[in-house]
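As they're listed, the protein sequences go chains A and B. Per this note's numbering, the first sequence starts with residue 16, numbered consecutively. Per this note's numbering, the second sequence starts with residue 16, numbered consecutively. Step one of this worksheet: look at the structure below.
2 protein chains.
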Amino acid sequence: MTEYPVGATETTARVVEALAAGGETGVTELAEEIGLSKASAHNHLVTLQRLGVVVSEDGRYRLGLRFLDVGTTVRDRLPAYRAAREELTGLAESAGETVGLVVAEHGSAVYAAVRRPERNDRRVQTGSRLPLHATASGKALLSARSPEAVASYVEETTLAARTDRTIQTASALRAELRSVADRGLAFDRGEAFEGVRGVAAPVRAEGEAVAALTVVGPAARLSGKRLEEDLTGLVLSAAKRVELTLAE
Amino acid sequence: MTEYPVGATETTARVVEALAAGGETGVTELAEEIGLSKASAHNHLVTLQRLGVVVSEDGRYRLGLRFLDVGTTVRDRLPAYRAAREELTGLAESAGETVGLVVAEHGSAVYAAVRRPERNDRRVQTGSRLPLHATASGKALLSARSPEAVASYVEETTLAARTDRTIQTASALRAELRSVADRGLAFDRGEAFEGVRGVAAPVRAEGEAVAALTVVGPAARLSGKRLEEDLTGLVLSAAKRVELTLAE
DNA sequence: TCTACCTGTTCGGTAACAGTGAACGAGTCG
DNA sequence: CGACTCGTTCACTGTTACCGAACAGGTAGA
């Protein structure tokens, strides 16, 4: 068996990925980029265009907004998102920092929604993916998992480092997760991005952590009492409220 | 030549579409829904899962948030969106109604962004698609096109009706677009949804209408002076400001 | 416990087709 | 006007996407 049962779909995915990364492109350029014949690249582009995923303008191709459509539809189906939507805006206002709702997917922490009072920072945006072990929200999500589940996560990801503060050993992660589980709170002190800190609280439903609420921002502003008491309190109480809404 | 050069990709698209419409599903159910053998449906699902697009949980499959990722990436690349982002929130506040940034794609008006002061209405959300001729924003976008381009649009879409107020003849559309072009403004009076009205102004760049700013809401609130003077003025001036930002 | 019947998954076989390389038309630059 | 580009089309062929059937694993009911 090969890697992917349907090879052509994998090729299409490579095309889409290249378009997502590089923006507008021509056929030849794309074909070279993903190592495909010009004819085949053209076939995929035409197919995607007919499907309404790609738009073409005088010989150049780029992705359309179809993905946005599907993406928001999927997100709107998440119970955690529906329950947290209003709470998020409230949290963003009271915290005065960028806040997000994060869910775990394929071993990554995915920002399902972001509310940002300041527009400067594009490092965290809706759809962003970061390693679970390198973010406050990710650790909050991991903290509710069984030791075996955490062990298999460690095995799969090998705890890739993003900064020199990123947790890189299984034992350090276990210890951290224990303290996170105890406090119902996780911190990120420059573990995903240099100089970026965060707090996160899990949103639990039926024993599982289905999502995490998080506040992130520059270390300069997120420190001392503000981080460890004020923001922490806000995130915790917001998460509790979301849990209540979620439980009906 | 068939309809789609790459048949397998079209099949995958059918799978994704079914998942987007129906939410979580099993293999057998999906196979029946899209008229595919169980084995083939399974192959596609496994492929999509390996690609990180689909997540599976004890035998059931659903779409993940990958689409949200690429969707926001694509949107963030739109110059019109970057220019209008802040203006949108301002407009939402001053108008006190749901506002949106709309672009044309494949003959549809697509909401690239939505700011909604009230959360009740889910008919218009980010990624929503509506016919160009049935919405204020769509007509604003069409109004800048050449007569030939409009004619080919009419031919492609046959001006499908959504309500009994929807413009359904080519001559009526031409007349409407002329008045829209003259005033730099378009209205929607229940043409897309019964009881929903809207105003829109095109955002022009180099002669083309690259996007449209729109305010939408219930007819009960959008009428008389408020619609025709207050909101109209707000949308117009906001669009002008976006145009200025866009021109650098 | 056994049976019957759901699932999801795996397994050959074959006809369709995804991918190739080369040729074609249409711009564009020198 | 030639010599490049580019996007698109065309036949060919080895691959493979799809099918039908068998397999595995769980649940419901008697």
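Here a beta-carbon is modelled for each residue, glycine too, at the ideal position from N, C-alpha and C.
Per DSSP, which one or two residues make a beta bridge with residue i?
i	result
Thr27 of chain B	According to DSSP, which records beta bridges pairwise, Thr27 of chain B is partnered with nothing at all.
Gly115 of chain A	A:Val129 and A:Thr229
Tyr76 of chain A	A:Thr40 and A:Ser71
Phe202 of chain B	B:Val214
Glu223 of chain B	B:Ala220
Ser123 of chain B	B:Glu120 and B:Pro146
Using a cut-off of 7 Å between C-beta atoms, extract the partners of residue i located in chain B.
i	result
Tyr267 of chain A	There is no way to answer for residue 267 of chain A, as the model of chain A reaches only from 16 to 263.
Glu223 of chain A	Chain B residues near Glu223 of chain A: none, gap ~11 Å exceeds 7 Å.
With a threshold of 8 Å between beta carbons, is residue i in contact with chain A?
i	result
Phe82 of chain B	yes
His148 of chain B	no
Gly153 of chain B	no
Thr24 of chain B	yes
Leu261 of chain B	no
Ala226 of chain B	no
Glu120 of chain B	yes
In chain A, which residues lie less than 7 Å from residue i when you measure between Cβ atoms?
i	result
Glu112 of chain B	Chain A residues near Glu112 of chain B: none, gap ~17 Å exceeds 7 Å.
Gly38 of chain B	Arg92
Val125 of chain B	Leu80
When you compare the CB of residue i with every CB in chain B, is at least one pair closer than 8 Å?
i	result
Leu78 of chain A	yes
Met16 of chain A	Residue placement at Met16 of chain A cannot be trusted, given a pLDDT of 39 that sits under 50; what the coordinates show is reported in the next sentence. For Met16 of chain A, the answer is no, since every Cβ of chain B falls outside 8 Å of its Cβ.
Arg90 of chain A	yes
Ala215 of chain A	no
Gly50 of chain A	no
Ala207 of chain A	no
Ala176 of chain A	no
Arg212 of chain A	no
Would you mind telling me which residues of chain A sit closer than 8 Å to residue i, beta carbon to beta carbon, in chain order?
i	result
Ala28 of chain B	Leu66 and Val68
Thr87 of chain B	Leu83, Gly86, Gln140, Thr141 and Gly142
Run through chain B and tell me which residues come within less than 8 Å of residue i, C-beta to C-beta.
i	result
Val117 of chain A	Under the 8 Å cutoff, chain B gives no residues; its nearest Cβ is about 10 Å from Val117 of chain A.
Glu72 of chain A	Result: empty, since nearest Cβ-Cβ is about 11 Å, beyond 8 Å.
Residue i touches chain A at which residues, Cβ-Cβ below 9 Å?
i	result
Ala273 of chain B	The structure shown does not extend to residue 273 of chain B, since chain B spans only 16 to 263, so no value can be given for it.
Touch test, the region 212-227 of chain B against the region 154-172 of chain B, Cβ-Cβ under 8 Å, three pairs minimum: yes
Proximal residues, the region 229-259 of chain B versus chain A, C-beta separation under 9 Å: Those would be none; no residue qualifies.
Selection of the region 131-145 of chain B by Cβ proximity to chain A, strictly under 8 Å: Per Cβ criterion, the list reads Arg134, Arg137, Gln140, Thr141, Gly142, Ser143 and Arg144.
The region 125-145 of chain A in contact with the region 185-204 of chain A per 3-pair CB rule at 8 Å: no
Validate contact between the region 207-222 of chain A and the region 244-252 of chain A using beta carbons, cut 8 Å, 3 pairs: yes
contact_flag[the region 16-32 of chain B, the region 18-28 of chain A] where n(CB pairs < 8 Å) is 3 or more: Touching, yes, given that three or more Cβ pairs across the two stretches are closer than 8 Å.
At least 3 beta-carbon pairs within less than 8 Å: the region 40-50 of chain A vs the region 43-55 of chain B: no
Three CB pairs or more closer than 8 Å across the region 84-93 of chain A and the region 66-81 of chain B: yes
Segment contact flag, the region 137-156 of chain B with the region 189-207 of chain B, C-beta cutoff 8 Å, min 3 pairs: By the Cβ criterion, the region 137-156 of chain B is in contact with the region 189-207 of chain B, since at least three pairs of Cβ atoms, one from each stretch, lie closer than 8 Å.
Meets three-Cβ-pair contact criterion under 8 Å: the region 98-118 of chain B and the region 59-76 of chain B: No: the two stretches stay apart, fewer than three of their Cβ pairs being nearer than 8 Å.
Three CB pairs or more closer than 8 Å across the region 98-105 of chain A and the region 252-262 of chain A: yes
Meets three-Cβ-pair contact criterion under 8 Å: the region 200-214 of chain B and the region 229-238 of chain B: Between the region 200-214 of chain B and the region 229-238 of chain B there are three or more inter-stretch CB-CB distances shorter than 8 Å, so the stretches are counted as touching.
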